[in-house]
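The opening residue of the sequence shown carries number -17 in the working numbering; numbering runs sequentially from there.
C-beta: ideal position from N, C-alpha, C; glycine also.
Just so it is clear, the structure is predicted and the values come from calculations on it, not from any experiment.
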Amino acid sequence: MKVKEILDKAYSEHHLTKDEIKFLLNSEGEEKELLFAYADRVRKEYVGDDVYLRGLIEFSSYCKNDCFYCGLRRSNREAQRYRMQEDEIVEVAKRAYDMGYRTVVLQSGEDPYYTKDKVCSIIKKIKKEVDVAITLSIGERSYEEYKAFREAGADRYLMRFETSNRELYQKYHPGMSFENRIECLRWIKSLGYELGTGFLIGLPGQTIDDLANDILLVYELDSDMIGIGPFIPHPHTPLKDTEAGSVDLTLKCISILRLLMPDSNIPATTALGTLDPLGRQKGLKCGANIVMPNVNDLKYKLKYELYPGKICINEDATKCRGCIESIIISLGRKVGQGFGQSRHYELKK
Ligand code: SAM
Ligand code: SF4
Ligand code: FES
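Pasting the structure below:
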């Protein structure tokens, strides 16, 4: 197989076989650089030079789950827990709007304290106060809850399937089920949300074959946004002594997904920026078109510790806004105006 042949096929057909994906995941040197260049070209042709910013509001660090990799897991007794109250969340959303954000992402651990009614009320209040798109990222809920959130005004939903390898999924998510997670994602899609999903790169035991399956599953789920990032070991979790995921492999996954799903939104994640000071820039140069800066107060930022060393943790939201804008401009790109809805979603409507 020749890398150029595969890339030309991906460029014209937006489809690859599993073997072709694996070939690209194993590419190195000039071949890898060619993959990145193709992805950057497709990004420019399909979603342009605009980089859309999403204001991330991490409103609760409580979680009933015990995912092996995550610092918020319920067994981590050293985690600092907080819950933001409704009015406070709305205030932060307003502040994000004033800073120019037109999407807020409401994210938390899986925290049943926020009942269906509470979440609906938060969504409605934000929508009443400011003209922003709302993305929810609060994990697995019932069909009725997803329906109610959508009716209350939620526009998008972000939930990674984390890994498509059933065995690894069961091992790292005690008490959870892969089938249920996929069912939730299908419900979300059927309710007309813009769907975001993705996976972790570098989970211990994960192979290149698994990653190729992960990429194919994102494709099959027809994701409007694609959230992928490297795994980073947290010292108070069972995976504390394992190695972090690879930045390079993450960039290859971003590139391949951009080729397969040219008009979906793909963030350059904070985890990528945490492992490599230039990680987000590298992501933006090989297919990504979104960045999700945190807009919360410092007192909360410090406590939402999924993994150690998170960037921006000591910077206030205004500083991050300015910083990220200069990064975007330095890459010859510009900050997108408006909601930045996924073109993939828009074109299907
Ligand atoms: N609780 C919700 C959920 O799991 O979908 C949303 C919040 S959860 C903290 C958001 C994402 O953080 C997860 O989908 C997971 O991929 C990522 N994450 C958790 N621990 C991580 C780690 N140690 N390294 C990198 N990413 C991590
Ligand atoms: Fe909870 Fe999400 Fe962390 Fe899992 S990844 S422990 S569900 S916050
Ligand atoms: Fe937060 Fe640069 S984006 S300090």
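| Check | Outcome |
| --- | --- |
| Backbone CA spacing between Val29 and Arg315 [nearest angstrom] | 12 Å |
| Asn47 CB to nearest heavy atom of the ligand SF4 below 7 Å | yes |
| 7 Å CB neighbourhood of Val112 in its chain, flanking five on each side removed | Ala75, Lys76 and Tyr79 |
| Inter-stretch contact (C-beta, 8 Å, three-pair minimum) for the segment 95 to 114 and the segment 48 to 58 | no |
| Neighbour flag for Arg132 against chain C, beta carbons, 8 Å | Absent here is chain C; the protein component of the structure consists of one chain. |
| Reduced DSSP secondary structure (H/G/I, E/B, other) of Lys301 | helix |
| Continuous alpha helix (DSSP H) assignments of at least 4 residues falling wholly in the segment 26 to 84 | 68 to 80 |
| Bounding residues of the alpha helix (DSSP H) (the contiguous stretch that carries Ile108) | Lys98 to Glu111 |
| Length of the line joining the Cα atoms of His155 and Leu185 | 12 Å |
| CB of Ser146 within 8 Å of CB of Met207, strictly | no |
| Cα-Cα separation between Thr179 and Lys(-16), rounded to whole angstroms | 30 Å |
| Buried versus exposed, by CB contacts within 10 Å (16 or more), Leu260 | exposed |
| Distance cut-off 7 Å: Arg262 Cβ against heavy atoms of the ligand SF4 | no |
| Residues that Gln323 bridges to, as DSSP identifies them | According to DSSP, which records beta bridges pairwise, Gln323 is partnered with nothing at all. |
| Span separating the alpha-carbon of Leu140 from that of Glu(-13) | 34 Å |
| At least three beta-carbon pairs within less than 8 Å, the segment 233 to 253 to the segment 284 to 295 | yes |
| Rounded Cβ spacing between Leu88 and Phe143 (contact assumed at less than 8 Å) | Not confirmed; about 20 Å, so no contact. |
| Neighbourhood of Tyr151 by C-beta distance below 6 Å, restricted to the same chain and skipping five residues each side | Thr145 and Phe160 |
| Cβ pair count under 8 Å reaching 3, the segment 51 to 66 against the segment 315 to 330 | no |
| Bridge partners - Asn247, DSSP secondary structure assignment | Met207 |
| Segment contact, 8 Å Cβ cut-off, at least three pairs: the segment -1 to 12 with the segment 296 to 314 | no |
| Beta carbon nearer than 5 Å to a non-hydrogen atom of the ligand FES | Cys294, Glu297, Cys302, Cys305 and Ile306 |
| Buried versus exposed call for Pro215 [16 or more other C-beta atoms within 10 Å across all chains shown] | buried |
| Minimum C-alpha distance to Ile183 - residue among Ile39, Ala115, Lys129 and Ala226 | Ala226 |
| Check: Gly91 C-beta below 7 Å from any heavy atom of the ligand SF4 | yes |
| Close Cβ partners of Glu133 (< 6 Å) along its chain, the five nearest in sequence each way excluded | none |
| Cα-Cα separation between Arg36 and Phe5, rounded to whole angstroms | 33 Å |
| CA nearest to the CA of Ile116, picked from Asp230, Arg123, Tyr125 and Val101 | Val101 |
| Inter-residue Cα distance where the pair is Leu221 and Arg56 | 15 Å |
| Gly174 burial status per 10 Å Cβ neighbour count (16 or more: buried) | exposed |
| Residues bridged to Ile272 [DSSP beta-bridge criterion] | Tyr34 and Pro249 |
| Cβ-based burial, Asp196 [other Cβ within 10 Å; buried from 16] | buried |
| Distance cut-off 7 Å: Cys166 Cβ against heavy atoms of the ligand SF4 | no |
| Check: Cys52 C-beta below 7 Å from any heavy atom of the ligand SF4 | yes |
| Close-in-space but distant-in-sequence residues of the same chain around Leu(-11) (CB under 6 Å, 5 per side omitted) | Tyr20 |
| Alpha carbon of Val33 to alpha carbon of Met274, nearest angstrom | 10 Å |
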